[in-house]
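So the protein sequences, as listed, match chains A and B.
Quick note on the working numbering: the first sequence kicks off at 637 and runs consecutively.
Quick note on the working numbering: the second sequence kicks off at 471 and runs consecutively.
Cβ atoms here follow ideal geometry from the backbone N, Cα and C, with glycine treated the same way.
Computed from a predicted model, the values in this text were never measured in an experiment.
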Amino acid sequence: MDLREQLEREIGDGPPLPPPETRLRAGRRALRRRRALVVVAAAGAAALIGAGAPLVLAQGGPTRGPAPVDTPTVEREEWDRWAENGGFGFDLGGHLRFSRDAVVHERRDGVLPGPRASTALDLTFDGSRTWHVIRHGRNGTWFDMPVVAGHEPDLYRDFDDYVAKVVFSLEQSGSDGPGHLRLETVGGMPSLDGAGTSIGPVVQDGQRAFGFEVESGGEARFVLLRPLAADEWRVERLEAASSATDLASWLRNLGWLPTGEEAS
Amino acid sequence: MAAHRGGGILTSERDDEFTAFVAGRQARLRRVAYAVCGDWDRAEDLLQTALTKLYVAWPRVCRDGREDAYVRQIIVRTNLDEVRRPWWRRERAGLDGIDPPAPAPDLDARGDLFAALQSLPRMQRSVVVLRYWLGLSVAETAADLRISEGTVKSHAHRGLERLRSEFVIQDP
Numbered sequence: 637m638d639l640r641e642q643l644e645r646e647i648g649d650g651p652p653l654p655p656p657e658t659r660l661r662a663g664r665r666a667l668r669r670r671r672a673l674v675v676v677a678a679a680g681a682a683a684l685i686g687a688g689a690p691l692v693l694a695q696g697g698p699t700r701g702p703a704p705v706d707t708p709t710v711e712r713e714e715w716d717r718w719a720e721n722g723g724f725g726f727d728l729g730g731h732l733r734f735s736r737d738a739v740v741h742e743r744r745d746g747v748l749p750g751p752r753a754s755t756a757l758d759l760t761f762d763g764s765r766t767w768h769v770i771r772h773g774r775n776g777t778w779f780d781m782p783v784v785a786g787h788e789p790d791l792y793r794d795f796d797d798y799v800a801k802v803v804f805s806l807e808q809s810g811s812d813g814p815g816h817l818r819l820e821t822v823g824g825m826p827s828l829d830g831a832g833t834s835i836g837p838v839v840q841d842g843q844r845a846f847g848f849e850v851e852s853g854g855e856a857r858f859v860l861l862r863p864l865a866a867d868e869w870r871v872e873r874l875e876a877a878s879s880a881t882d883l884a885s886w887l888r889n890l891g892w893l894p895t896g897e898e899a900s
Numbered sequence: 471m472a473a474h475r476g477g478g479i480l481t482s483e484r485d486d487e488f489t490a491f492v493a494g495r496q497a498r499l500r501r502v503a504y505a506v507c508g509d510w511d512r513a514e515d516l517l518q519t520a521l522t523k524l525y526v527a528w529p530r531v532c533r534d535g536r537e538d539a540y541v542r543q544i545i546v547r548t549n550l551d552e553v554r555r556p557w558w559r560r561e562r563a564g565l566d567g568i569d570p571p572a573p574a575p576d577l578d579a580r581g582d583l584f585a586a587l588q589s590l591p592r593m594q595r596s597v598v599v600l601r602y603w604l605g606l607s608v609a610e611t612a613a614d615l616r617i618s619e620g621t622v623k624s625h626a627h628r629g630l631e632r633l634r635s636e637f638v639i640q641d642p
């Protein structure tokens with residue numbers, strides 16, 4: 637079977653299409669709304685500047701800066717693009733751009749290793765506060781691992797914890813999302829890149845987990861992984877390893893090793 | 471851009487060009503939407519959303535000569551965003567664990583292969599449609615879906631394997 641030809645036959649044509657004029661009318665309405673919003677947003681930005689209120693970011697630059705003012709047509713259209721993309725994005729040059737409606741609470745550049753631009757963002761757009769770790773890709777694309785801020789406090793205690801877990805996840809070959817890994821199991825233990833000492837399984841409230849001391853990003857870290865499915869794992873805890881304690885003590889402090897399971 | 475008023479109705483080069491584009495391309499683009507979502511009503515919504523955005527962005531998109539790609543990207547991204555939001559948006563690594571399977575397909579008036587396609591997780595399905603039906607390159611598919619080329623290859627391989635478990639399919 638030729639996949640392309642077969643799909644071409646099976647997909648069919650569907651019900652009758654509306655006339656192009658219907659599309660045109662919808663487009664015109666959207667354009668009128670957009671232009672009205674631009675005027676309102678420009679007025680709002682001017683009012684914010686006057687009041688010294690928390691401001692919106694323009695291209696690149698510092699984490700807090702002056703709000704964008706109304707600009708010629710070309711730039712407005714570029715901002716429209718960022719709005720369509722969820723409030724921000726990298727342009728082709730690798731510069732981070734923001735919609736005028738995006739409010740950035742925190743921004744950290746260069747959070748991921750490698751030559752490509754990367755940034756961690758805590759921002760509010762369209763009524764929703766989200767956390768992001770983004771990396772500029774090729775052809776104007778970018779990689780993002782967003783979560784809704786504070787939605788899963790047991791997984792991401794705060795923005796710092798979210799960023800740390802995303803960066804750690806991306807360093808692992810089995811990254812499967814922020815704080816999630818897809819790992820093979822060897823001898824009952826998940827195979828974690830850079831792992832040294834490991835302890836497990838440890839148990840708390842009937843839940844199983846595995847503890848590791850890992851070299852990650854040039855630093856020693858303690859990691860607790862909990863199984864989600866056959867080969868899916870969640871980064872339950874991730875902390876910088878302290879020279880004052882060892883993995884077993886760390887696990888005991890967290891309540892995961894009350895009986896002193898064997899270490900390997 | 472030429473613009474003039476006639477009979478109280480604003481007409482412009484934008485309108486003429488947009489209308490011509492819609493007349494020539496909307497049937498094909500709605501089929502693309504249907505292929506990724508599996509429902510004609512939803513496909514119509516996706517296409518209308520994409521065409522409305524195209525009209526707003528027409529000068530920029532038309533200047534770059536990528537009207538078709540622009541609409542296609544909005545269609546596939548909007549379809550994916552429905553399940554990602556608010557948790558997932560844009561590219562991510564290793565999507566299998568978070569790309570939920572589609573609901574059981576309605577087999578009425580559909581072929582077996584199309585039904586099997588609709589049973590794939592959305593991202594796999596989108597990759598298969600873009601790569602093997604529309605014939606986009608790995609790089610073009612990655613750009614459309616905002617995922618890495620490696621992720622495209624992974625989804626394409628897994629999607630094709632799933633289809634091959636039910637059909638004898640030639641190497642695309």
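For residue j and residue i, the rounded distance between their alpha carbons
i        : j        : result
Trp528/B : Leu517/B : 15 Å
Glu820/A : Asp867/A : 6 Å
Pro591/B : Cys532/B : 33 Å
Ala497/B : Leu890/A : 59 Å
Arg744/A : Pro654/A : 47 Å
Ser879/A : Asp509/B : 58 Å
Ile544/B : Gly663/A : 15 Å
Arg734/A : Glu855/A : Note on identity: in this sequence residue 734/A is Phe, with Arg being the wrong assignment. Cα to Cα, the separation comes out at about 33 Å.
Ser482/B : Ala520/B : 21 Å
Glu646/A : Arg484/B : 35 Å
Arg888/A : Asp794/A : 23 Å
Met825/A : Leu874/A : 18 Å
Glu610/B : Arg616/B : 10 Å
Leu550/B : Met593/B : 7 Å
Gly746/A : Asp638/A : 46 Å
Gly620/B : Pro894/A : 43 Å
Gly494/B : Leu667/A : 22 Å
Tyr504/B : Gly629/B : 18 Å
Pro863/A : Gly535/B : 48 Å
Leu587/B : Ile835/A : 43 Å
Tyr602/B : Val638/B : 15 Å
Phe846/A : Leu643/A : 46 Å
N-terminal and C-terminal residue of the alpha helix (DSSP H) that residue i is part of
i        : result
Glu646/A : Leu639 to Ile647
Gly620/B : Glu619 to Arg634
Ala490/B : Glu483 to Cys507
Asp797/A : Phe795 to Glu807
Leu517/B : Trp510 to Val526
Leu883/A : Leu883 to Asn889
Phe724/A : From DSSP, Phe724/A is part of no alpha helix (DSSP H) but of the beta strand (DSSP E) over Phe724 to Phe726.
Arg592/B : Arg592 to Val598
Leu587/B : Asp582 to Gln588
CA nearest to the CA of residue i, picked from the options
i        : options                                   : result
Asp829/A : Gln843/A, Leu639/A and Ser852/A           : Ser852/A
Val546/B : Thr621/B, Arg530/B, Asp511/B and Ser596/B : Ser596/B
Arg661/A : Gly494/B, Thr489/B and Tyr602/B           : Thr489/B
Arg632/B : Ala503/B, Asp515/B and Val598/B           : Val598/B
Val502/B : Ala513/B, Gly605/B, Ala493/B and Gly494/B : Ala513/B
Ala877/A : Ala865/A, Pro894/A, Val871/A and Phe858/A : Phe858/A
Glu742/A : Leu759/A, Ala865/A and Asp797/A           : Leu759/A
Ser827/A : Arg665/A, Trp869/A and Pro782/A           : Trp869/A
Bridge partner(s) assigned by DSSP for residue i
i        : result
Phe848/A : Ser834/A and Val859/A
Ile770/A : Thr755/A and Asp780/A
Glu742/A : Asp758/A
Gln843/A : Gln840/A
Val546/B : DSSP lists no partner for Val546/B.
Thr611/B : Bridge partners of Thr611/B: none, in fact.
Ser764/A : Phe761/A
Val822/A : Met825/A
Distance between beta carbons of residue j and residue i, contact taken as under 8 Å
i        : j        : result
Val850/A : Gly832/A : 7 Å
Val769/A : Ala756/A : 5 Å
Gln840/A : Trp892/A : 5 Å
Leu748/A : Leu806/A : 6 Å
Ser754/A : Arg736/A : No, Ser754/A and Arg736/A are not in contact; Cβ-Cβ is about 23 Å, not under 8 Å.
Ser618/B : Phe779/A : 7 Å
Trp767/A : Ala785/A : 5 Å
Enclosing beta strand (DSSP E) for residue i [first to last residue]
i        : result
Ala876/A : Glu868 to Ala876
Phe734/A : Leu732 to Phe734
Leu817/A : His816 to Arg818
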